[in-house]
Amino acid sequence: MPLALSTGHEIGLGVTALVFILFALASSFLFPRYRPDYPGRGLLAFIVIAFVFFFGMLTAVEVFGAESKHHGEAAAAETTTAPAETTTTQQTTTAASTTSATKPAATKVPVSESEFKIVLSSTQLKAGPITFEAKNAGRIPHDLAIKQTGDKTKLIQPGGTSELKVTLKAGTYELYCSVPGHEAAGMKLNITVS
Ligand SMILES: [Cu+2]
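First residue of the sequence shown: 61, per our numbering; consecutive thereafter.
What follows is the structure in structure tokens.
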């Protein structure tokens, strides 16, 4: 309905202006041509009519013009609302993709090596990504290897550490030290993954 009302007011404003202009033109050109003494005796009447048109025009501009301005503000408000909604949607999408990109963390398993044994806090591990954090607690270099997968760390100096990142399926695996003679000396340990 506001649109129809506004259109009606614009037409009203236009018609009022048209009548006013026609009257002004007629007063200037038409009436003097056919009635040379115009306004003549009707001077007072002419002034009254001119004033009525003048204030009528002012009123028309105020009433109809105000309605048009209101409509304009409403349209401007609608325009500013739309981009705000778009921004919110984009932020939600970004947050969702960030969350889905996060991977499950690997299980961290501390391993202590020394002459000549390998010690874990538990030999029962959960299947999936596992990070063995091998620490050389002995006095000579060692490493940590997994017989079934072939993975192994670099040679770890006394007091040093090295990580071994693997993904293990359910089964039994042997951890050992690949330095010659160390496995036979006792640096081996069976673990169970389930
Ligand atoms: Cu060793």
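For each residue, glycine too, the CB sits at the ideal point set by N, CA and C.
- Message: Checking 8 Å against the spacing of the C-beta atoms, do A165 and K225 come in under that value?
- Response: The answer is no: Cβ separation not under 8 Å.
- Specify the secondary structure class of S254 as computed by DSSP and reduced to three states. coil
- Task: With hydrogens ignored, establish whether the beta-carbon of R239 is closer than 7 Å to any heavy atom of ligand 1.
- Result: At residue 239 the sequence reads Val, which differs from the Arg that was named. Yes, since a heavy atom of ligand 1 falls inside the 7 Å radius drawn around the Cβ of V239.
- Message: According to DSSP, simplified to helix, strand and coil, what is E175?
- Response: coil
- Item | For G188 and S238, the rounded distance between their alpha carbons | 24 Å
- May I have the straight-line CA-CA distance separating V169 from F192, to the nearest angstrom? 5 Å
- Message: Taking 7 Å as the limit between beta carbons, can you name the residues of its chain near I216, skipping five residues before and five after?
- Response: A194, N196, P201, H202, D203 and S222
- Item | V179 classed as buried or exposed, judged by whether at least 16 other C-beta atoms fall within 10 angstroms | Counting the other Cβ atoms within 10 Å of the Cβ of V179 gives fewer than 16, which makes it exposed.
- Query: Helix, strand or coil: which one does DSSP assign to A165?
  - Reply: coil
- Item | Contact set for T153: own chain, Cβ-Cβ below 8 Å, skip 5 residues either direction | Below a pLDDT of 50, predicted positions are generally treated as unreliable, and T153, at 45, falls in that range; the measurement from the model is reported next regardless. None.
- Message: Are the CB atoms of L235 and L248 within a distance shorter than 8 Å?
- Response: According to the sequence shown, residue 248 is Lys rather than Leu. Yes.
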